[in-house]
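*Asks:* My numbering puts the first residue of the sequence shown at 204, with every later residue one more than the last.
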Amino acid sequence: MEDKKTIFSGVQPSGNITLGNYLGAIKNWVSLQEEYNCIYAMMDMHAITVRQNPQELRRRTLDLLKIYIACGIDPEKSLLFVQSHVGAHAQLAWVLNCYTYMGELSRMTQFKDKSTKHADNINAGLFTYPVLMAADILLYQADLVPVGKDQMQHIEITRDIAERFNSIYCKEGNPVFKVPKGFMPKSGAKVMSLAEPTKKMSKSDENPKAYISLLDDFGVMVNKIKSAVTDSEGKIEYRPDDEGKAGINNLLTIMAAVTGNTEEKIASEYAGCGYGDFKKAVAEAVVEELRPIRARYDELSKSKDYLEELCRTGAERADYIASKTLKKVYKKLGFLI
Ligand code: TYM
């Protein structure tokens with residue numbers, strides 16, 4: 204166990220967990236559990252960069268834990284915890300804020316997008332969000348961070364911050380931070396909106412037809428896929444998005460990520476088939492993928508005590524690891540410890 208490399212990742216409990224979160228991240232996490240020491244957290248501190256309803260945030264955090272387990276994350280193999288339960292995340296984030304430049308943060312596309320979307324609440328947390336994310340990852344000396352494409356820029360800045368800190372304080376070798384790498388799935392790293400396929404599928408989209416929630420009724424999922432925006436060409440071909448194929452490409456990607464085949468192979472399998480039939484096949488594949496997940500999720504809903512106990516023990520174990528890194532950092536900085 205000790206010799207294995209470490210994985211760290213997480214999802215914000217800020218909305219309905221989508222098929223994008225599952226195919227871009229969580230599904231990938233499951234397959235990494237055997238080979239790595241995996242640490243997966245519920246990122247509630249990141250969620251408050253946008254206003255949240257307190258009761259809903261509490262409920263969603265526990266729902267997210269249920270989703271992790273239902274998707275196949277085994278709490279016996281992977282360490283699961285709630286970000287706000289481990290004080291070191293906020294503590295290291297503060298330190299790293301002093302080693303991150305305004306210029307590099309202002310280049311983050313997520314900040315640009317979110318500040319346009321939440322123009323009435325462009326708070327400092329939204330701006331320094333990637334620094335907290337760097338703290339999450341660096342505390343656990345993660346080797347690999349499995350995420351979707353939209354988070355890769357945040358992994359890059361995490362690497363820059365880690366290298367900067369190491370180069371200032373660890374000139375004689377023995378770096379304080381391991382420099383992590385991002386890791387994306389072959390298919391599904393960017394699942395697009397079903398309503399506007401040039402936009403990312405997002406759990407905070409105002410239009411519920413744009414995304415599939417893992418907790419949608421199966422009938423609703425089928426209808427959303429059937430009404431997914433495509434094109435008028437009527438050809439199932441995997442061609443560049445700007446040739447008008449964004450909608451079909453997205454359905455091919457979803458099918459590829461669910462089945463493990465490539466987009467090209469699926470396109471050739473369904474060549475000559477009408478969009479209606481193809482959409483039906485995609486909907487069936489998605490429903491069959493999510494059916495056992497839903498059954499396990501419903502089962503877990505009866506075990507609140509078990510889930511709360513997992514959060515408690517997870518936080519203790521995470522705190523132990525994180526505190527070690529934080530102590531090293533404090534020592535380097537010259538804090539009296
Ligand atoms: P979040 O909650 O937005 O998304 C969670 C994960 O899902 C991926 N994802 C997608 N993948 C494919 N297609 C999509 N449409 C799609 N939408 C989301 C994301 O890339 C992500 O992997 N900042 C992070 C949470 C976080 C984190 C961390 C992740 C906080 N600290 C440390 C890794 C390591 C976020 O907002 O993810």
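In this text, a Cβ means the ideal position worked out from N, Cα and C, and glycines have one as well.
Got a sec? Which residues, its chain only, sit under 8 Å from V432 by beta carbon, not counting five neighbours each side?
*Replies:* Here residue 432 corresponds to residue number 229 of the sequence shown, with the count starting at 1. Closer than 8 Å at the Cβ level, and outside the excluded window around V432, lie L397, A398, E399, P400, G450.
*Asks:* Can you tell me the Cα-Cα spacing of K527 and A244, whole angstroms?
*Replies:* The residue given as residue 527 occupies position 324 in the sequence shown. The residue given as residue 244 occupies position 41 in the sequence shown. Rounded to whole angstroms, K527 to A244 spans 18 Å at the Cα level.
*Asks:* M424: beta carbon under 8 Å from a heavy atom of the ligand ADP?
*Replies:* In terms of ligand content, the structure shown lacks the ligand ADP and carries the ligand TYM instead.
*Asks:* Does the beta-carbon of N224 have 16 or more other beta-carbons within 10 angstroms, so that it is buried, or is it exposed?
*Replies:* Here residue 224 refers to the residue found at position 21 when the sequence shown is read from its first residue. The residue is buried, with at least 16 neighbouring Cβ atoms inside 10 Å.
*Asks:* Are the segment 413-426 and the segment 347-356 touching by the rule of at least three beta carbon pairs closer than 8 Å?
*Replies:* The segment 413-426 vs the segment 347-356: no contact.
*Asks:* Of the choices F386, K406, M387, G385, whose alpha-carbon is the least far from that of M395?
*Replies:* Locating residue 395 in the sequence shown gives position 192, counting from the first residue. When each option's Cα is compared against that of M395, the closest is K406.
*Asks:* Might you give, ordered along the chain, the residues of its own chain that have their beta carbon closer than 8 Å to the beta carbon of C373, omitting 5 neighbours on each side?
*Replies:* Here residue 373 refers to the residue found at position 170 when the sequence shown is read from its first residue. The answer, listed in chain order, is V379, K535.
*Asks:* In this structure, does DSSP put K384 in helix, strand or coil?
*Replies:* The residue labelled residue 384 in the question sits at position 181 within the sequence shown. Here K384 sits in strand by DSSP.
*Asks:* Check whether the Cβ of P411 lies closer than 8 Å to any heavy atom of the ligand TYM, and answer yes or no.
*Replies:* In the sequence shown, the residue the question calls residue 411 occupies position 208. Every heavy atom of the ligand TYM is 8 Å or more from the Cβ of P411, so no.
*Asks:* Within its chain, find whatever has a CB closer than 7 Å to the CB of I179; leave out the 5 residues flanking it on each side and keep chain order.
*Replies:* There is simply no residue 179 to check, as the chain begins at 204 and stops at 540 in what is shown.
*Asks:* Is H321 closer than 9 Å to L329 when the C-beta atoms are compared?
*Replies:* Working through the sequence shown from its first residue, we reach residue 329 at position 126. Working through the sequence shown from its first residue, we reach residue 321 at position 118. Closer than 9 Å, so yes.
*Asks:* In the DSSP assignment, the beta strand (DSSP E) including N240 goes from what residue to what residue?
*Replies:* Translated into the one-based positions of the sequence shown, residue 240 becomes position 37. That run of the beta strand (DSSP E) goes 240-245.
*Asks:* Can you find a heavy atom of the ligand TYM that lies under 8 Å from the Cβ of D339?
*Replies:* The residue you call residue 339 lines up with position 136 of the sequence shown. True, at least one ligand heavy atom lies under 8 Å from that Cβ.
*Asks:* Assuming contact is defined by CB atoms lying nearer than 9 Å, are D247 and Q286 in contact in what I supplied?
*Replies:* Here residue 247 is taken as the residue at index 44 of the sequence shown, counted from 1. Here residue 286 is taken as the residue at index 83 of the sequence shown, counted from 1. Cβ distance < 9 Å, so D247 and Q286 count as in contact.
*Asks:* So is T312 buried or exposed if we call it buried at 16+ other beta carbons inside 10 Å?
*Replies:* What you label residue 312 is simply residue 109 of the sequence shown in a count that begins at 1. Classification for T312: exposed.
*Asks:* Y533 and I524: beta carbons closer than 9 Å?
*Replies:* Within the sequence shown, numbered from 1, the residue matching residue 533 stands at position 330. Within the sequence shown, numbered from 1, the residue matching residue 524 stands at position 321. The beta carbons of Y533 and I524 sit no closer together than 9 Å.
*Asks:* Within 10 angstroms of the Cβ of Y509, are there 16 or more other Cβ atoms? Answer buried if so, exposed if not.
*Replies:* On the sequence shown, residue 509 is found 306 positions in, with the first residue counted as 1. Result: exposed.
*Asks:* Is D363 near the ligand TYM, judged by its Cβ being under 8 Å from some heavy atom?
*Replies:* As a working mapping, residue 363 is identified with position 160 in the sequence shown. Result no, Cβ not under 8 Å from the ligand TYM.
*Asks:* Where does the unbroken alpha helix (DSSP H) through P349 begin, and where does it stop?
*Replies:* As a first step, residue 349 is located in the sequence shown; it is residue number 146 there, counting from the start. Here P349 belongs to no alpha helix (DSSP H); instead the beta strand (DSSP E) covers 347-349.
*Asks:* Compare the beta carbon distance of A488 and K389 with 9 Å and say whether it is the shorter of the two.
*Replies:* In the sequence shown, counting from the first residue as 1, residue 488 sits at position 285. In the sequence shown, counting from the first residue as 1, residue 389 sits at position 186. Going by C-beta atoms, A488 is not nearer than 9 Å to K389.
*Asks:* Is T221 near the ligand TYM, judged by its Cβ being under 8 Å from some heavy atom?
*Replies:* For the purposes of this step, residue 221 is identified with residue 18 of the sequence shown, where counting begins at 1. T221: yes, Cβ under 8 Å from the ligand TYM.
*Asks:* Compute the Euclidean distance between the alpha carbons of M204 and D323, then round it to the nearest angstrom.
*Replies:* For the purposes of this step, residue 204 is taken as residue 1 along the sequence shown, with counting starting at 1. For the purposes of this step, residue 323 is taken as residue 120 along the sequence shown, with counting starting at 1. Any reading at M204 must be qualified, since the residue scores a pLDDT of 49, below 50, and its modelled position is unreliable; the value itself is stated next. So the alpha carbons of these two residues sit roughly 47 Å apart.
*Asks:* What number of angstroms, rounded off, separates the C-alpha of G391 from the C-alpha of P278?
*Replies:* As a working mapping, residue 391 is identified with position 188 in the sequence shown. As a working mapping, residue 278 is identified with position 75 in the sequence shown. The alpha-carbon atoms of G391 and P278 are separated by roughly 25 Å.
*Asks:* To the nearest angstrom, how far is the alpha carbon of I358 from that of D420?
*Replies:* As a first step, residue 358 must be located in the sequence shown, where it is residue number 155. As a first step, residue 420 must be located in the sequence shown, where it is residue number 217. Distance between the alpha carbons of I358 and D420: 34 Å.
*Asks:* Whether or not the segment 233-244 and the segment 361-370 are in contact is what I'm after, with contact meaning three or more pairs of Cβ atoms, one per stretch, closer than 8 Å; do they touch?
*Replies:* no
*Asks:* Does DSSP put T456 in a helix, in a strand, or in coil?
*Replies:* Position 253 of the sequence shown holds residue 456. Reduced to three states, the DSSP call for T456 is helix.
*Asks:* Can you give me the Cβ contacts of Y250 inside the same chain, cut-off strictly under 7 Å, excluding the 5 residues immediately before and after it?
*Replies:* As a working note, residue 250 is residue 47 in the sequence shown. The amino acid occupying residue 250 in the given sequence is Ala; Tyr does not appear at that position. Closer than 7 Å at Cβ, skipping near neighbours: Q215, P216, S217, L260.
*Asks:* Cβ-heavy atom distance between L255 and the ligand TYM below 8 Å?
*Replies:* Here residue 255 corresponds to residue number 52 of the sequence shown, with the count starting at 1. The residue you asked about is not Leu; residue 255 is Gln in the sequence shown. Incorrect: Q255 has no Cβ contact closer than 8 Å to the ligand TYM.
*Asks:* So the alpha helix (DSSP H) L397 belongs to, where does it begin and stop?
*Replies:* In the sequence shown, residue 397 corresponds to position 194, counting from 1. Note, L397: premise wrong, no alpha helix (DSSP H); not H, not E.
*Asks:* For the structure I just gave you, are there three or more beta carbon pairs, one from the segment 437-450 and one from the segment 469-489, closer than 8 Å?
*Replies:* yes
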